[in-house]
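Novice: To start, I am sharing the structure in question, which I have written as structure tokens.
Structure, rendered in structure tokens:
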């Protein structure tokens, strides 16, 4: 997500990566953390050492996370100053630890953070996760509701899920978004009924309601479709403009060909005949009752 207006909050759980292999994965974890307001990243014995330019490049400008990375030689040292730690795992473990889903885990972390406790989320190696004795150093387990036939998550994906749940748990409304759609005044029934009448008139003029006995049912269906959407005033204006354009213009007389009112096809039959006669009189040469030969015709001086 780009362009977010969420503020980077103070503190939050530390993200601990045990023996991460690829700098790119570390960078993507840092980026996921920054997306949702986390900034404390701890690495336990990273395979390729630290610092890592590959990690910085993959972090996509989450430099504040990369610059603050702490490296530890063993897991116990990385957890020493924390009060509560979740271990992430995709498979069932032996032991007596509570197991929570990510939503509940996010709320637990938020509650403990509110009590002044320092918390952390523990992630294992890219290839096989955490050893049992490493899980044993955590207080509880968090696991994700993934497909049992394909349960392995990329470490950055797992970090993103937990970072998101951390951010969401701190919102007054968990459905809150950082921007919203435009506020539009709902259309009144008078405006909606006006659209009905206008559309039905346009369709009637084009012989849409055929056969005639079925017109009432066709009108009912048309109104049922248009009332389901719950239109706003600006939306009705758009629809009326579309209908008006279709009603006034055609491929034979597109926009730019003058007023649609000049289209003889819109006139009653008698009026169309009168207009045709008038047009012929205008085109007839003045002072001559006989038709003049066409200019440029064969046998004339214009050849």
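Numbering (the working numbering), first residue to last: 694 to 996.
We treat Cβ as the ideally placed atom computed from N, Cα and C, and that holds for glycine.
(1) How many angstroms separate the CA atom of residue 751 from the CA atom of residue 848?
(2) Helix, strand or coil: which one does DSSP assign to residue 816?
(3) Per DSSP, which one or two residues make a beta bridge with residue 780?
(4) Taking 8 angstroms as the cut-off, does the segment 922-932 touch the segment 880-896 (at least 3 CB pairs, one atom from each stretch)?
(5) Suppose only complete runs of 3+ residues qualify. What are the beta strand (DSSP E) ranges in the segment 709-757, listed by chain order?
(6) Would you check whether the ligand ZN has a heavy atom nearer than 7 angstroms to the C-beta of residue 917?
(7) If you compare alpha carbons, which of 733, 713, 776, 712 is closest to residue 856?
(8) Are the segment 900-919 and the segment 860-878 in contact at 8 angstroms, needing three or more beta carbon pairs?
(9) Using the beta-carbon count (16 or more within 10 Å), is residue 757 buried or exposed?
(10) What number of angstroms, rounded off, separates the C-alpha of residue 771 from the C-alpha of residue 823?
(11) What distance in whole Å lies between the Cβ atoms of residue 799 and residue 858, which are believed to be in contact at a cut-off of 8 angstroms?
(12) Under a Cβ-count criterion, where at least 16 other Cβ atoms within 10 Å of its own Cβ denotes burial, should residue 918 be classed as buried or exposed?
(13) With distances taken from CA atoms, which of 843, 810, 926 is nearest residue 1001?
(14) Rounded to the nearest angstrom, what separates residue 638 and residue 791 at their Cα positions?
(15) In the DSSP assignment, find the unbroken alpha helix (DSSP H) run with residue 764 in it and report its ends.
Specialist: For this structure:
(1) 14 angstroms
(2) strand
(3) 815, 834
(4) yes
(5) 734-737
(6) With respect to small molecules bound, the structure shown includes none, and the ligand ZN cannot be examined in it.
(7) 733
(8) no
(9) exposed
(10) 15 angstroms
(11) 3 angstroms
(12) exposed
(13) Outside the shown range of the chain, which is 694 to 996, sits residue 1001, and nothing can be said about it.
(14) In the structure displayed, the chain extends from 694 to 996; residue 638 sits before or after that span and is not available.
(15) Unbroken run through residue 764 is the beta strand (DSSP E), 763-765; no alpha helix (DSSP H).
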